[in-house]
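When we follow this note's numbering, the leftmost residue of the sequence shown carries the number 14, and every step to the right adds one.
Note that CB positions come from ideal geometry on N, CA and C, so glycine has one too.
Just so you know, these numbers come straight off a predicted model, no measurement behind them.
A short write-up of the structure that comes next.
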Amino acid sequence: MATTALMARIGEATNRTLVLPIVMFAPTHRCNSACVSCAWWSTTTTSTVPGRGELTLAEIEVLATDLAKMGTRLVVFTGGEPLLRPDVFDAARMFQRRGMTLHLLTSGLGLEPRIASVAGVFKRVIISLDSTTPEGYRAIRGVDGLDTVQFGVHRLRSFAPHVPVSARATIHALNFREMPQMVATARAMGCASVSFLPADLGSAAFGERDLTSLQSLRLTRKQVDDFRIVVDALIRDHEADIASGFIAESPMKLRQIAQYYAAMNGDGGFPPKSCNAPWMSAVIEANGDVRPCFFHDVVGNIRRDRISHVARTALPKFREGLDVAANATCAKCVCSLKLGWRDQPWA
Numbered sequence: 014m015a016t017t018a019l020m021a022r023i024g025e026a027t028n029r030t031l032v033l034p035i036v037m038f039a040p041t042h043r044c045n046s047a048c049v050s051c052a053w054w055s056t057t058t059t060s061t062v063p064g065r066g067e068l069t070l071a072e073i074e075v076l077a078t079d080l081a082k083m084g085t086r087l088v089v090f091t092g093g094e095p096l097l098r099p100d101v102f103d104a105a106r107m108f109q110r111r112g113m114t115l116h117l118l119t120s121g122l123g124l125e126p127r128i129a130s131v132a133g134v135f136k137r138v139i140i141s142l143d144s145t146t147p148e149g150y151r152a153i154r155g156v157d158g159l160d161t162v163q164f165g166v167h168r169l170r171s172f173a174p175h176v177p178v179s180a181r182a183t184i185h186a187l188n189f190r191e192m193p194q195m196v197a198t199a200r201a202m203g204c205a206s207v208s209f210l211p212a213d214l215g216s217a218a219f220g221e222r223d224l225t226s227l228q229s230l231r232l233t234r235k236q237v238d239d240f241r242i243v244v245d246a247l248i249r250d251h252e253a254d255i256a257s258g259f260i261a262e263s264p265m266k267l268r269q270i271a272q273y274y275a276a277m278n279g280d281g282g283f284p285p286k287s288c289n290a291p292w293m294s295a296v297i298e299a300n301g302d303v304r305p306c307f308f309h310d311v312v313g314n315i316r317r318d319r320i321s322h323v324a325r326t327a328l329p330k331f332r333e334g335l336d337v338a339a340n341a342t343c344a345k346c347v348c349s350l351k352l353g354w355r356d357q358p359w360a
């Protein structure tokens with residue numbers, strides 16, 4: 014609704030949370046991958062009771078009711094791996110019944126046996142595609158799953174062609190040379206688009222990661238030079254895919270991935286950021302913690318205070334001291350969001 018975008022922008026101008034258009038919600042932190050850039054999987058394997066600490070369905074129903082009152086239009090199920098929660102579709106229908114659009118971020122490993130349920134509640138599915146070879150997939154995501162993901166996407170596209178599937182690739186030292194192959198693979202799978210982002214190597218996001226070991230994903234200076242050649246070739250050879258939006262990033266944004274890794278090596282500044290995510294959205298984790306975005310610290314918990322209270326007190330307090338252009342966390346952000354007056358990703 015245009016009213017939602019308008020109210021959100023008025024709230025941004027006045028630092029008031031009049032509406033909360035987008036919520037990233039993790040129904041679980043459990044995961045069946047073991048990605049080199051994430052640590053949710055290690056939390057899962059060390060837990061004696063899978064799912065311990067997750068919001069109950071009763072708590073999720075309260076959350077869904079509150080978000081409906083706050084004008085939330087889009088809820089993105091993230092994780093961990095959302096499909097590992099046995100009652101995830103019961104949870105999803107709580108938001109769906111209240112008129113919210115649902116998107117699913119998933120590895121795709123559990124997609125095929127659940128395609129009917131997925132198609133029944135989610136209007137878009139975004140799958141991770143970090144390599145185009147079984148060996149590369151196993152090295153990056155820790156499991157032998159590429160064929161399973163591809164089969165699941167093909168089955169979903171056949172069963173529910175009205176549900177678009179997008180591919181998302183996190184680009185780093187282990188896979189940057191594969192970007193052209195990722196475009197071809199995403200098209201062969203029947204995806205509506207493919208997007209690329211650099212690996213977050215320094216924030217507190219995605220579990221209790223060993224930030225030292227993450228540096229193995231950083232591109233060396235030589236690799237940055239090689240990466241720029243890869244990107245230039247991608248832009249040249251896939252002009253039509255960029256123009257059509259099949260490749261989600263513009264040439265400038267593709268080149269900024271190389272700029273990000275150059276800056277990580279101390280060579281120049283990070284790409285400039287224009288982001289209003291903390292004014293337009295919030296992240297709610299599996300235990301109820303609330304973050305202004307994936308990369309900033311927790312500001313509240315919906316088990317202590319309702320989301321309406323957190324959004325109208327803690328979020329404005331966080332935002333009033335936030336200068337996106339100067340903030341160190343924002344400077345290194347790999348996934349900024351900028352919504353304008355006419356942006357309606359929930360449509």
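In the DSSP assignment, His116 falls within the beta strand (DSSP E) that extends over Thr114 to Thr119. Closest in alpha carbon position to Arg168, among Thr146, Asn188 and Ile128, is Ile128. For secondary structure counted as the alpha helix (DSSP H) over 4 or more consecutive residues, the stretch 263-292 holds these complete runs in sequence order: 264-277. Here Arg154 is buried, its C-beta having at least 16 other C-beta atoms within 10 Å. The three-state reading of DSSP puts Phe259 in coil, since its state is none of H, G, I, E or B. Contact fails between the stretch 329-341 and the stretch 267-283, because fewer than three Cβ pairs, one in each stretch, are under 8 Å apart. Rounded to the nearest whole angstrom, the C-alpha separation of Phe189 and Leu230 is 10 Å.
Per DSSP, reduced to three states, the secondary structure at Thr183 is strand. From the listed residues Val337, Glu191, Thr17 and Ala199, the smallest Cα separation to Cys288 is found for Val337. Put simply, of Pro305, Gly301, Arg325 and Leu335 the residue whose alpha carbon is nearest the alpha carbon of Gly66 is Gly301. Taking 3 residues as the shortest admissible run, the stretch 19-106 contains the following complete beta strand (DSSP E) segments, listed from N- to C-terminal end: 35-38 and 87-90. Under the three-state reduction of DSSP, Asp238 is assigned to helix.
In the displayed model, Ile139 falls within a strand according to three-state DSSP. In this structure, the alpha-carbon of Val75 lies about 17 Å from that of Ile35.
In the three-state reduction of the DSSP assignment, Val243 falls in the helix class, which pools H, G and I. Only exposed fits Phe172, as fewer than 16 other CB atoms lie within 10 angstroms of its CB. For Ile128, the enclosing alpha helix (DSSP H) has its first and last residue at Ile128 to Val134. Between the stretch 95-108 and the stretch 137-156 there are fewer than three inter-stretch CB-CB distances shorter than 8 Å, so the stretches are not counted as touching. Across the set Ile248, Phe259, Ser46 and Leu117, the C-alpha of Phe259 shows the shortest separation from the C-alpha of Thr198. For Phe308, there is no enclosing beta strand (DSSP E), as DSSP marks it with neither H nor E.
Non-local C-beta neighbours of Leu115 in its own chain, meaning closer than 7 Å and more than five positions away in sequence, comprise Val88, Phe90, Ala105, Phe108, Gln109, Val134, Phe135 and Lys136, ordered along the chain.
If the five residues before and after Arg170 are omitted, its C-beta is found closer than 6 Å to the C-beta atoms of Gly203, all from its own chain and listed in chain order.
In this structure, DSSP gives Ala324 a helical state, which the three-state scheme calls helix.
Shown here, Ala212 sits in coil according to DSSP, grouped into three states, outside any helix or strand.
Rounded to the nearest angstrom, the Cβ distance from Val312 to Arg319 is 14 Å, too far for a contact under 8 Å.
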